[in-house]
Structure formats: structure tokens, C-alpha cells
Amino acid sequence: MLLVPASAPGFEIVRELPVPGAGGQWEIGSAGVTAPADHLLGEPGDGLRVSAERVRPGRLPRCLRWRGQAERAFTLMLDRARSHPTASGRLVFDAMPAIRTTRPLVFETVARIEAGFDTRFETSLAKVATARTPQQVTDAAIQVHGAAGPGPDTTLPALFRTGRTARILDGPGELHITGVARRLLR
Numbered sequence: 001m002l003l004v005p006a007s008a009p010g011f012e013i014v015r016e017l018p019v020p021g022a023g024g025q026w027e028i029g030s031a032g033v034t035a036p037a038d039h040l041l042g043e044p045g046d047g048l049r050v051s052a053e054r055v056r057p058g059r060l061p062r063c064l065r066w067r068g069q070a071e072r073a074f075t076l077m078l079d080r081a082r083s084h085p086t087a088s089g090r091l092v093f094d095a096m097p098a099i100r101t102t103r104p105l106v107f108e109t110v111a112r113i114e115a116g117f118d119t120r121f122e123t124s125l126a127k128v129a130t131a132r133t134p135q136q137v138t139d140a141a142i143q144v145h146g147a148a149g150p151g152p153d154t155t156l157p158a159l160f161r162t163g164r165t166a167r168i169l170d171g172p173g174e175l176h177i178t179g180v181a182r183r184l185l186r
């Protein structure tokens with residue numbers, strides 16, 4: 001991994017990538033860019049490890065944000081279910097443990113980071129669980145809202161798009177699942 005000043009010849013910001021729920025994503029160009037040897041982070045060929053060490057702690061604030069988005073969808077679902085009684089009890093019930101199980105995963109990971117432990121396993125587990133939750137809960141909330149769910153009168157469509165994007169950000173869930181499974185099956 002190489003640090004390259006944005007002012008380096010050949011470095012360019014091509015465009016902002018509009019990713020729902022993830023502002024600040026950019027496509028960059030680096031044709032002919034050079035950098036001095038002291039701009040190398042780690043050893044040659046060590047870029048993935050270095051970037052993972054930097055990205056891992058940043059996943060946890062996203063996990064908390066995703067949990068908050070799920071809670072927002074849950075609140076909208078409860079409000080709708082209370083004002084329009086239907087057979088939505090199961091949807092409301094299923095959403096609650098999905099939300100509540102994410103908090104201990106994130107907090108345990110934070111505690112292990114603060115204690116100096118390797119948290120690759122815990123971070124992946126928390127990322128996958130919390131990234132699934134907003135889409136799952138928002139989908140149920142849309143169902144409870146009926147025809148109004150996907151419409152423009154609630155924030156549910158935006159929460160659903162953000163929830164779907166959460167499963168891709170910081171590495172697709174499948175990569176994290178494979179890593180966790182590999183460790184469990186050792």
C-alpha cells in the first residue's frame with residue numbers, strides 16, 4: 001500500500017460514486033503516478049493486511065449506524081401496526097431479536113479491541129449480523145405499511161436501499177462469512 005499525495009502528477013479524482021448510504025466514495029485515476037519509497041506502508045505485497053487493519057475498527061461505527069437504521073424502521077413499523085391493526089404481529093416479533101442481537105456483538109468486539117485482542121473474527125461476525133438487520137427490518141416495515149410502504153410518504157424506501165448497500169460495504173458479507181466459517185471449522 002502506497003500513500004500518494006493528491007497533488008502528485010497523474011493522480012486524479014475521476015468522479016464521485018453515488019452509493020446509497022455511503023457518501024464519500026470516489027473513483028480515482030493513477031496513470032503514471034510515482035511515489036518515493038518512504039511512502040510505502042508496511043512491506044511490499046502487504047497492502048491487503050495493512051488496509052484490513054485500518055478498515056476493521058471503522059466497521060464498528062457503521063455497525064452502530066446500521067443498527068440505528070433498523071431501529072428507525074422498527075419504530076415506523078410499530079407506529080403503523082398500532083394505527084392499522086392487521087396480522088403483523090409475527091413481523092414485529094421477528095424484527096425485535098434481529099435488532100437486539102446486534103448490540104452485544106458490536107460491544108463485545110469493541111471491548112476486545114480495547115483489550116488488545118485480534119478481532120478479525122468478532123468484527124466480521126458483527127459486520128454481517130448488523131449489515132443484514134436494516135434490510136430485514138425495513139422489509140418487514142414495508143410489508144406492515146402495505147401500499148404506503150414503498151411509496152414516497154415514509155423514509156422506508158431510503159432505509160431499504162441503505163440496508164441493501166450495508167451488505168456490500170466493507171467487504172461483501174460472503175467474504176466475512178467464509179472467514180468466520182473457516183475459523184470455526186479449524
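First residue of the sequence shown? That's 1 in this note's numbering, and the numbers climb one at a time after it.
Glycine included, every Cβ here is placed at the ideal spot set by N, Cα and C.
Buried versus exposed, by CB contacts within 10 Å (16 or more), residue i
| i | result |
| --- | --- |
| F160 | buried |
| S30 | exposed |
| H84 | exposed |
| F117 | exposed |
| T130 | buried |
| A81 | buried |
| A98 | buried |
| V128 | buried |
Host beta strand (DSSP E) of residue i (start-end)
| i | result |
| --- | --- |
| F11 | F11 to E16 |
For residue i, the nearest candidate out of the options (CA to CA)
| i | options | result |
| --- | --- | --- |
| T165 | V14, A37 and W66 | W66 |
| L17 | W26, G10 and F11 | W26 |
| Q136 | I168, R59 and A95 | A95 |
| A87 | H145, V14 and I168 | H145 |
DSSP three-state assignment for residue i, whether helix, strand or coil
| i | result |
| --- | --- |
| G29 | strand |
| L78 | helix |
| L60 | helix |
| L2 | strand |
| L184 | helix |
| D94 | helix |
| L105 | helix |
| T178 | helix |
Residue range of the alpha helix (DSSP H) that includes residue i
| i | result |
| --- | --- |
| T138 | R120 to H145 |
| P36 | Counting along the chain, P36 falls outside any alpha helix (DSSP H), and DSSP gives it neither H nor E. |
| F160 | L156 to A166 |
Original post:
Is there contact between the region 103 to 121 and the region 40 to 47, where contact requires at least three CB pairs shorter than 8 Å?
Top reply: Judged by Cβ distances under 8 Å, the region 103 to 121 makes no contact with the region 40 to 47, as fewer than three pairs qualify.
Original post:
On the three-pair Cβ rule with 8 Å, is the region 109 to 125 touching the region 166 to 180?
Top reply: With a cut-off of 8 Å, the region 166 to 180 and the region 109 to 125 count as touching, because enough Cβ pairs lie within range.
Subject >> the region 131 to 147 touching the region 88 to 100, judged by at least three CB pairs closer than 8 Å >> reply: Pairwise C-beta distances place the region 131 to 147 in contact with the region 88 to 100, as three or more of them are shorter than 8 Å.
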